[in-house]
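A quick write-up on the structure given underneath.
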C-alpha cells in the first residue's frame, strides 16, 4: 500500500532522514515509531506531499506522494496539530471535508454525524471550532480523517493528549479499520502502539533501526521495571 525507497531529507547541514526504505503491506496497521527528532514527522510530511525529499521516493497506492491529489477520496490525513475553523461548527467542517472526499451533501451530513458518534462527540456536533478542547479537537480530527472510508489513513500522533478512556476508544476505532484500510500511525510510544499495530518500523536519528511485525519488534529486546514502595526491604535470598 505504501512504498518508501532510499528516502533522505536534509535541512541545511542537518540530515533528518538517512536512506530510509520500507514497504507497508495492504491492510496493515503500521507504526512509525521513534523518539522525538527521529524523523517521523519528516517522513509523514513527505508521504503527504508537504515536503520534497532530498533523495529517494515514496508512493501511496502506486502513486508518487507528489501527486497525492490524484487519489481524491482514497487517502486521508490527520496532522499532529490539526485545527478546526473557529467560526464553523464541527458538523459543518466535517460536511465540508466529506464533500472534498467526493460525498454528496446529504451523505456527508449523515456520515459526519456517524463519525462524531464513533469518536464520542455526538453531542458536540454544533460546537464551534473555537470551543473545542485539545482532546476534543484531536477526536474530531480523526472523525474527519474517517470521512468517506478512505483506503489509506495517515495519522500523526492520533492519541496524544487524550485521557485514558478516550485514548482506548480511539485505539479500538483505529484497529477496526484493518484489514479494509491501511493505516500508518506516527508515534513515540511503542507500548501504546503495540496494542493496535500489526507491523512497524523504528527510526532513530533519521535511520531505520528495526522493522517487522509488532511481535518481531517487541521480541528484539526486553525491559524489566521493578517498583518499590517507600522503605521497602527485599530479602537477601530474592536478590
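Residue numbers (the working numbering): 14 to 252.
Just so you know, even glycine gets a beta-carbon here, dropped at the ideal spot from N, CA and C.
Burial of residue 33 is indicated by the presence of at least 16 other C-beta atoms within 10 angstroms of its C-beta.
DSSP lists 17 as the bridge partner or partners of residue 71.
About 13 Å separates the beta carbons of residue 149 and residue 107, which is beyond the 8 Å limit, so they are not a contact pair. At least 8 Å separates the beta-carbon of residue 164 from that of residue 65.
Per DSSP, the unbroken alpha helix (DSSP H) holding residue 125 starts and ends at 118-131. Excluding the 5 residues flanking it on each side, residue 202 has no same chain C-beta neighbour closer than 7 Å.
The three-state secondary structure of residue 78, taken from DSSP, is helix. Counting only the Cα atoms, residue 136 lies some 44 Å from residue 220. Within 10 angstroms of the beta-carbon of residue 90 lie 16 or more other beta-carbons, which makes it buried.
The C-alpha of residue 42 is placed about 25 Å away from the C-alpha of residue 126.
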